[in-house]
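Presented below is the structure to which this report refers.
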Amino acid sequence: RRESVLFTRFSTPKQVRSDDFRRLAISSKFLGDAVLETFKKIKTFPKSVKVGIYFTIAAWVGHWIFFCAYFLIRTGKIPGDLLLRHFILGGVICFFLIRQKAWARWLGIMGNLIVLVYYIMWMLAYPLHIAENATMGFIMIIFSISTYQLFRKESSEFFKVEREDQTVKENK
Numbered sequence: 218r219r220e221s222v223l224f225t226r227f228s229t230p231k232q233v234r235s236d237d238f239r240r241l242a243i244s245s246k247f248l249g250d251a252v253l254e255t256f257k258k259i260k261t262f263p264k265s266v267k268v269g270i271y272f273t274i275a276a277w278v279g280h281w282i283f284f285c286a287y288f289l290i291r292t293g294k295i296p297g298d299l300l301l302r303h304f305i306l307g308g309v310i311c312f313f314l315i316r317q318k319a320w321a322r323w324l325g326i327m328g329n330l331i332v333l334v335y336y337i338m339w340m341l342a343y344p345l346h347i348a349e350n351a352t353m354g355f356i357m358i359i360f361s362i363s364t365y366q367l368f369r370k371e372s373s374e375f376f377k378v379e380r381e382d383q384t385v386k387e388n389k
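In this note's numbering, the protein residues as written are 218 to 389.
Next up, the structure:
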C-alpha cells in the first residue's frame, strides 16, 4: 500500500504531512523564482520579440478560454482530450519561444496560421453566430499580431543569433 511506503521513513503521520508541505513550499518557491526570472529575461528581448511572445501567450489563452466556453454552452460538457491538446500545444510553443529556440519561432508561426485558418473556416461554416464570430475575430486579430511580430526581420535576426550562440556552446 502507498501509506506503508510513506510511513516507513517517518515515525508519525504528522511528520509525513509537515515534510510533504515543506517540500511543496520549497519547490513552489523555486518555481515562482524561475517564472520571475523568465519574465525578467523577456524584458531584455527586442521589442518585436517581446510583443510577439506576449501576443502569442494572450492568443493561446484566449483560444483555450473560447473553446472551453463554446463547448460548455453548446454541449454542456468539455471534451477534455481536445482542450488538453490545445492547452499543451500553446504552452509548448510559448515556453520554447521564451527559451529562445529558433525552431519554436517557426512552430509558433505555423501554429498561429493553422489556428487562423481553422477560425476562418469555422466562421464560414457558421456565419449566423454573431457573438461567437466576434469573439473569434478578436482572437484572430491577436493571433495575427503575434504572427506578424514573429515574422519581422528583428525577430528573425534575434532567433538566428541565439541559435548561433547555442551551436557554439554545443561544439565546445
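Note that the Cβ used here is the ideal one computed from N, Cα and C, for glycine as well.
Quiz item: Closest to Trp281 by CA distance: which of Phe360, Lys260, Lys318 is it?
Solution: Out of Phe360, Lys260, Lys318, Phe360 has the C-alpha closest to the C-alpha of Trp281.
Quiz prompt | Entirely enclosed alpha helix (DSSP H) segments - the stretch 322-372, minimum 4 residues | solution = Segments of the alpha helix (DSSP H) lying fully in the stretch 322-372: 347-368.
Quiz prompt | Separation of Thr261 from Met340, as counted between CA atoms | solution = Taking the straight line joining both Cα atoms gives about 38 Å.
Quiz prompt | Whole-angstrom C-beta distance between Phe376 and Arg322, which should lie under 8 Å | solution = In this structure Arg322 touches Phe376 by the C-beta definition: roughly 5 Å separates them, less than 8 Å.
Quiz item: On the three-state DSSP scale, how would you describe Lys318?
Solution: If DSSP states are grouped into helix, strand and coil, Lys318 belongs with coil.
Quiz item: Whose C-alpha, out of Ser265, Arg302, Gly328, Ile310, is nearest the C-alpha of Ser372?
Solution: Ranking Ser265, Arg302, Gly328, Ile310 by Cα distance to Ser372 puts Ser265 first.
Exercise. Would you kindly report the start and end of the unbroken alpha helix (DSSP H) that includes Phe283?
Key: Membership of Phe283 in the alpha helix (DSSP H) is indicated by the continuous run 264-291.
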